[in-house]
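What follows is a single structure, written as structure tokens, with notes after it.
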Amino acid sequence: MPSLIDIRRRIRSVKNTQQITKAMKMVSAARLRRAQDRVIAARPYSETLTKMLAGVAAAAQSGDSGELHPLLKSRDENRIHAIVIASDRGLAGAFNSNLIKLAMRFLTEEKGAAQIEVEPIGRKVVDFFRKKPYRIVAEHTGYSQAVRLVDAQAIAQRVIERYANAEIDAVYLAVNEFKSVLAPRLTLTRILPIQVPTDSVSVDYIYEQPPAELLGALLPRYVETQIYKALLESNAAEHAARMASMDSATSNASDLIEKLTLYMNRVRQASITREIIEIVSGAAALE
Amino acid sequence: MAESLELEIATPERLLVREKVREIEIPGKEGYLGVLPGHAALLSELGMGVLVYSTAAGSRFSVAIHGGFLEIAGAHVRVLADRAEPAKEIDQSRAMESLRRAEKRLVNPAVGIDIARALRAYQRAQARLDAAKAKAGVH
């Protein structure tokens, strides 16, 4: 039977851990709010851009040229570029591992025959893919600290250029989207060749430039926006996941403390009982 | 015909303006466009310059715009700017300084300088200054 002192020590250590998890939960909650605000702030632009693109693409297609824009043309997917976004840090439950699982299932099962290159974003995924046989074209860390538009634009410009030069045949993006605080939504989307969104409402616009030209300007922006949005969403989802896992860690610690306290009381009671028996039986022996 | 326009200026990072306005002057790629209520539906690319709008109450605001897209549909005017800065956020002395720097680079280009980049920097600084001045009422 462990001594009272050992149990007390154990309780104290669990309490310390609980304090840390509680603090981390609070920090994540604050960061989540900020990240969420940025997701919301970025929404008007991307929504309008998507709508605009749908209209322009329709107009450009019905135009006389009939030639498809290079970023819309699909090829046999022999060389795949996969952008995998997760976090720099752990302690966020299954946030990173679920995403890695999704990405790996896609790469091995669906695209097993293709030549694959990856662009991991976030230390956890970078570390994971370094141990894999895939070619790492570029890796990025530090984005969970601060998501910057220029970074997203740089990533987008690079893949667009390589796609246009036919160095790669498709670009996929795997990311944890921020769905709700409770659970992120794992998504895997193809960002190149671009799948043009379709919009039911079509307005007869006056075009200052030929629609095809406008389309050429819009498409790269669309890719940039998608990547930027993915980075923001992943960031929000990461904080949400960490908040949830720290919350459950805190309540686990409470349970453990309760159990240990009960056990400690029992041990104490047992030793008191033992002492009384000793005294009573000692007294009885004297009679 | 609609009495007012609803102007929306958004950058990839945030929504800058959403307001009822009476009149807008927009830096299009091929030159400035004046937009009044009842304008035909239009799609265009934006250039670099100053967007000026006046609200129903009559106050004028200016925003420096650095490229992007414009959509006019019905009473909605949506400006998707690559970058946009309202006049009150512009640091005039800094803009002036970068204008001078870009000017110097363009006037006597050193070896290996990126002319296109310097030109863009020049236009950017000029747009900022114009926006800031329009705000100050010099315009």
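Residue numbers (this note's numbering), protein chains in the order written: chain A, 1 to 287; chain B, 288 to 426. C-beta atoms are modelled at their ideal positions from N, C-alpha and C, and glycine is treated no differently.
Is the Cβ of residue i closer than 8 Å to any Cβ of chain B?
| i | result |
| --- | --- |
| residue 225 of chain A | yes |
| residue 208 of chain A | yes |
| residue 49 of chain A | yes |
| residue 197 of chain A | no |
| residue 143 of chain A | no |
| residue 205 of chain A | yes |
| residue 219 of chain A | no |
| residue 56 of chain A | yes |
How is residue i classed by DSSP in three states: helix, strand or coil?
| i | result |
| --- | --- |
| residue 168 of chain A | coil |
| residue 368 of chain B | strand |
| residue 307 of chain B | strand |
| residue 213 of chain A | helix |
| residue 282 of chain A | helix |
| residue 135 of chain A | strand |
| residue 11 of chain A | helix |
| residue 44 of chain A | helix |
| residue 106 of chain A | helix |
| residue 21 of chain A | helix |
| residue 330 of chain B | strand |
Do residue i and residue j have their CB atoms nearer than 8 Å?
| i | j | result |
| --- | --- | --- |
| residue 24 of chain A | residue 356 of chain B | no |
| residue 168 of chain A | residue 140 of chain A | no |
| residue 100 of chain A | residue 118 of chain A | no |
| residue 172 of chain A | residue 188 of chain A | yes |
| residue 232 of chain A | residue 38 of chain A | yes |
| residue 299 of chain B | residue 228 of chain A | yes |
| residue 351 of chain B | residue 309 of chain B | no |
| residue 114 of chain A | residue 82 of chain A | no |
| residue 244 of chain A | residue 93 of chain A | yes |
| residue 240 of chain A | residue 178 of chain A | yes |
Under 8 Å between C-beta atoms, does residue i make it to chain A?
| i | result |
| --- | --- |
| residue 301 of chain B | yes |
| residue 321 of chain B | no |
| residue 298 of chain B | yes |
For residue i, verify whether its CB is less than 7 Å away from any heavy atom of the ligand SAM.
| i | result |
| --- | --- |
| residue 301 of chain B | Among the components of this structure there are no ligands whatsoever, and the ligand SAM is therefore not found. |
What are the partner residues of residue i, as DSSP defines its beta bridges?
| i | result |
| --- | --- |
| residue 190 of chain A | A/172 |
| residue 79 of chain A | A/115 |
| residue 91 of chain A | None, per the DSSP bridge assignment. |
| residue 270 of chain A | None; residue 270 of chain A has no bridge partner. |
| residue 317 of chain B | Paired residue(s): none; residue 317 of chain B is not in a bridge. |
| residue 355 of chain B | B/333 and B/368 |
ask   = Is the region 330-347 of chain B touching the region 200-220 of chain A, taking contact as three or more C-beta pairs under 8 Å?
value = Cβ pair count under 8 Å is three or more, so yes.
task = Check whether the region 385-403 of chain B touches the region 335-343 of chain B, counting contact only when three or more Cβ pairs, one atom from each stretch, lie closer than 8 Å.
result = Result no; under three Cβ-Cβ pairs closer than 8 Å.
Contact the region 214-222 of chain A vs the region 143-151 of chain A: 3+ CB pairs below 8 Å = Using a C-beta cut-off of 8 Å, the region 214-222 of chain A makes no contact with the region 143-151 of chain A, since fewer than three inter-stretch Cβ pairs fall below that distance.
request  = Evaluate contact between the region 309-321 of chain B and the region 268-285 of chain A, counting only Cβ atoms and requiring at least three cross-stretch pairs below 8 Å.
outcome  = Short answer: they don't touch.
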